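Take a look at the structure set out below.
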Amino acid sequence: MVSKEEKLQKAKDEYQQWQELSKAHWSHWRAWGSWFSWGSPVGLGLFVVLLAVAFAIVRYTLSI
């Protein structure tokens, strides 16, 4: 039978391994580097455009 400490250690080891493997893959998706994030003019512009479209839809719906 596996003890609680062994299960905890196994979970920590698996998490550590996952963290090491995923760090290299996902490091380029940070906020400052992604096109669709708050740190990007494109991402911020898309947010403003989507907000304006949502406002226009609500305004049109209420005017009917």
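Using numbering that gives the first Met the number 0, the first residue of the sequence shown is number 0, and each one after it goes up by one.
Glycine is no exception: its CB is placed at the ideal position from the N, C-alpha and C atoms.
For clarity, every value in this text was computed on a predicted model and none was experimentally measured.
- In the DSSP assignment, Ile56 falls within the alpha helix (DSSP H) that extends over Pro40 to Ser62.
- Non-local beta-carbon contacts of Leu20 in its own chain, meaning distances under 8 Å to residues more than five positions away in sequence, are absent.
- Exclusion of the five residues before and after Ser62 leaves no residue of its chain whose Cβ lies closer than 8 Å to its Cβ.
- Looking at the backbone, the Cα of Asp12 and that of Tyr59 are separated by about 55 Å.
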